[in-house]
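Before any comments, here is the structure.
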Amino acid sequence: MAEASELVNWFNNHSFALHILFKEQHSMPDFHDEVLTLIRAVLTQWATHVVSFNQLLKVGLPMKLAVIKWRDDILKAADTMAATISKVNQIIKTIEDIRFWEKLRQITSHLEPLAIAINVCQGSHMRIDMVALVFGQLNQLFT
8 MAEASELVNW FNNHSFALHI LFKEQHSMPD FHDEVLTLIR AVLTQWATHV VSFNQLLKVG
68 LPMKLAVIKW RDDILKAADT MAATISKVNQ IIKTIEDIRF WEKLRQITSH LEPLAIAINV
128 CQGSHMRIDM VALVFGQLNQ LFT
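What the sequence shown shows, in the numbering used here, is residues 8 to 150, in sequence order.
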């Protein structure tokens, strides 16, 4: 999902916005004095997308709160160039889009069993009969 990767990359490349996100996480009781970072997925290792998307879902609420509370400051921190301001507005729209978060949840729920299956099948102890069981489990899950 390109929007999710773009969102992670944008926050990781803009220290002011990332600081605001961390600040919002600290203000929430659910995070218990821990701050979750955004993880950039590796293009050639699709299982990392599951980890990245799960992390993005976990920081979704603080991210939405940051946009609500700090919108003007985030826009001011952007350059005066029209392209940069347009990009910030696009990022804000993505964060506010409920359908984006629903799609991200759905994609993650589909990818997670596949990521687990691939990790199980890569083990040195794996036998062909166990691979058949994993495929059977995936077949049962997705049909």
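The beta-carbon is built from N, C-alpha and C at its ideal position, and this holds for glycine as well.
Alpha helix (DSSP H) segment containing residue i, residue limits
| i | result |
| --- | --- |
| Ile46 | Note, Ile46: premise wrong, no alpha helix (DSSP H); not H, not E. |
| His56 | Ala54 to Lys65 |
| Asp136 | Ile135 to Phe149 |
| Ala11 | Ala9 to Asn20 |
Best match in the options for proximity to residue i [C-alpha to C-alpha]
| i | options | result |
| --- | --- | --- |
| Thr44 | Thr55, Arg134 and Phe18 | Phe18 |
| Arg78 | Lys65, Val49 and Ile92 | Ile92 |
| Ala48 | Val42, Glu41 and His56 | His56 |
| Ile179 | Gln52, Ala139, Glu109 and Lys71 | With the chain running from 8 to 150 in the structure shown, residue 179 is simply not present. |
| Ile81 | Ile98, Phe107 and Val66 | Ile98 |
| Lys65 | Ala24, Asp37 and Asn16 | Asp37 |
| Val74 | Ile102, Thr51, Ala84 and Ala85 | Ile102 |
Under the three-state DSSP convention, the category residue i falls into
| i | result |
| --- | --- |
| His132 | coil |
| Leu50 | coil |
| Ala85 | coil |
| Asp80 | helix |
| Met35 | coil |
| Glu119 | helix |
| Glu109 | helix |
| His41 | Per the sequence presented here, residue 41 reads as Glu, with His not at that position. In the structure shown, Glu41 sits in coil (DSSP, three-state: anything other than H, G, I, E or B). |
Supposed close pair residue i, residue j - CB separation, criterion 8 Å
| i | j | result |
| --- | --- | --- |
| Ile114 | Phe149 | Contact flag wrong, Cβ pair sits at about 14 Å. |
| Ala11 | Leu63 | 6 Å |
| Val141 | Ala122 | Not quite, the Cβ-Cβ distance comes to about 12 Å (not below 8 Å), so this is no contact. |
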